[in-house]
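Working notes, beginning with the structure itself.
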Amino acid sequence: MLTPSHFTFVFQQPQRAGTPQITILGRLNTLGHPRIGLTVAKKHVKRAHERNRIKRLTRESFRLHQHSLPAMDFVVIAKKGVSELDNRALTEALEKLWRRHCRLAPAC
(Lines of atoms letter the chains of each structure in order from A; the text may use other names.)
(Lines give C-alpha, C1' and ligand atoms only; values in the text may rest on other atoms or scores of the structure.)
Protein backbone atom coordinates (compact mmCIF):
# COMPACT_ATOMS: atom_id res chain seq x y z
CA MET A 7 0.00 0.00 0.00
CA LEU A 8 1.45 3.31 -1.03
CA THR A 9 -1.05 6.15 -0.90
CA PRO A 10 -2.59 7.80 2.16
CA SER A 11 -6.07 6.89 0.91
CA HIS A 12 -5.19 3.18 1.14
CA PHE A 13 -4.12 3.63 4.77
CA THR A 14 -7.22 5.71 5.54
CA PHE A 15 -9.41 2.93 4.11
CA VAL A 16 -7.92 0.46 6.61
CA PHE A 17 -8.12 2.87 9.55
CA GLN A 18 -11.87 3.46 9.04
CA GLN A 19 -13.17 -0.01 10.03
CA PRO A 20 -10.25 -2.28 10.90
CA GLN A 21 -10.02 -5.72 12.38
CA ARG A 22 -7.38 -5.47 15.09
CA ALA A 23 -4.85 -7.97 16.32
CA GLY A 24 -2.07 -6.85 18.58
CA THR A 25 0.60 -7.34 21.17
CA PRO A 26 2.05 -4.67 23.46
CA GLN A 27 4.74 -3.94 20.82
CA ILE A 28 2.93 -4.46 17.48
CA THR A 29 -0.59 -3.95 16.19
CA ILE A 30 -1.82 -5.22 12.84
CA LEU A 31 -4.98 -3.65 11.43
CA GLY A 32 -6.72 -5.37 8.55
CA ARG A 33 -9.65 -4.71 6.27
CA LEU A 34 -11.00 -6.80 3.40
CA ASN A 35 -10.12 -5.52 -0.06
CA THR A 36 -11.55 -6.32 -3.49
CA LEU A 37 -8.22 -7.08 -5.18
CA GLY A 38 -8.13 -10.79 -4.41
CA HIS A 39 -4.72 -10.69 -2.71
CA PRO A 40 -3.33 -9.26 0.54
CA ARG A 41 -1.30 -6.04 0.73
CA ILE A 42 0.80 -4.57 3.51
CA GLY A 43 1.60 -1.09 4.78
CA LEU A 44 4.14 -0.34 7.51
CA THR A 45 4.34 2.43 10.08
CA VAL A 46 7.40 2.58 12.32
CA ALA A 47 7.49 5.98 14.00
CA LYS A 48 10.75 7.67 14.82
CA LYS A 49 9.11 8.61 18.12
CA HIS A 50 9.04 4.93 19.17
CA VAL A 51 12.15 3.58 17.40
CA LYS A 52 14.88 6.21 17.43
CA ARG A 53 17.61 4.63 15.33
CA ALA A 54 17.21 4.20 11.59
CA HIS A 55 18.89 0.80 11.49
CA GLU A 56 16.38 -0.49 14.07
CA ARG A 57 13.43 0.89 12.06
CA ASN A 58 14.85 -0.74 8.93
CA ARG A 59 15.32 -4.07 10.74
CA ILE A 60 11.71 -4.04 11.94
CA LYS A 61 10.41 -3.21 8.46
CA ARG A 62 12.62 -5.84 6.82
CA LEU A 63 11.49 -8.60 9.20
CA THR A 64 7.85 -7.58 8.85
CA ARG A 65 8.00 -7.64 5.04
CA GLU A 66 9.71 -11.04 5.12
CA SER A 67 7.11 -12.45 7.51
CA PHE A 68 4.33 -11.12 5.27
CA ARG A 69 6.00 -12.61 2.18
CA LEU A 70 6.14 -16.04 3.81
CA HIS A 71 2.51 -15.94 4.99
CA GLN A 72 0.79 -14.05 2.16
CA HIS A 73 -0.54 -17.19 0.47
CA SER A 74 -2.38 -18.26 3.61
CA LEU A 75 -3.74 -14.78 4.39
CA PRO A 76 -7.16 -13.51 3.27
CA ALA A 77 -7.50 -10.77 0.65
CA MET A 78 -7.05 -7.90 3.07
CA ASP A 79 -5.12 -4.68 3.35
CA PHE A 80 -2.92 -4.83 6.45
CA VAL A 81 -1.29 -1.95 8.30
CA VAL A 82 1.45 -2.97 10.73
CA ILE A 83 1.99 -0.40 13.48
CA ALA A 84 5.15 -0.66 15.56
CA LYS A 85 4.71 0.64 19.10
CA LYS A 86 7.03 1.53 21.93
CA GLY A 87 9.25 -1.37 22.96
CA VAL A 88 9.34 -3.13 19.59
CA SER A 89 13.02 -2.30 19.14
CA GLU A 90 13.85 -4.31 22.28
CA LEU A 91 12.57 -7.53 20.67
CA ASP A 92 15.21 -9.68 19.03
CA ASN A 93 14.64 -11.06 15.52
CA ARG A 94 13.19 -14.36 16.73
CA ALA A 95 10.74 -12.75 19.18
CA LEU A 96 9.59 -10.24 16.55
CA THR A 97 9.08 -12.97 13.95
CA GLU A 98 7.13 -15.14 16.41
CA ALA A 99 4.92 -12.19 17.39
CA LEU A 100 4.17 -11.45 13.74
CA GLU A 101 3.35 -15.10 13.00
CA LYS A 102 0.93 -15.16 15.94
CA LEU A 103 -0.78 -12.00 14.67
CA TRP A 104 -1.06 -13.33 11.09
CA ARG A 105 -2.72 -16.49 12.46
CA ARG A 106 -5.12 -14.39 14.54
CA HIS A 107 -6.09 -12.33 11.47
CA CYS A 108 -6.68 -15.56 9.55
CA ARG A 109 -9.09 -16.71 12.28
CA LEU A 110 -10.88 -13.34 12.40
CA ALA A 111 -11.35 -13.01 8.64
CA PRO A 112 -14.61 -14.34 7.24
CA ALA A 113 -13.00 -15.68 4.04
CA CYS A 114 -9.86 -17.47 5.19
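Residues in the sequence shown are numbered from 7 upward in steps of one, following the numbering used here.
Where is the CB? At the ideal position from N, CA and C, for every residue including glycine.
- Under the 8 angstroms Cβ criterion, the region 94 to 106 does not count as touching the region 32 to 41, having fewer than three qualifying pairs.
- Relative to Asn58, the option among Ala84, Thr25 and Ala23 whose CA is nearest is Ala84.
- In the same chain as Glu56, and ignoring 5 residues on each side of it, the C-beta atoms closer than 8 angstroms to its own belong to Ser89, in chain order.
- The beta-carbon distance between Asp92 and Met7, rounded to whole angstroms, is 27 angstroms. This is too long to meet the 8 angstroms contact definition.
- Within the model, the alpha-carbon separation for Pro10 versus Gln27 is close to 23 angstroms.
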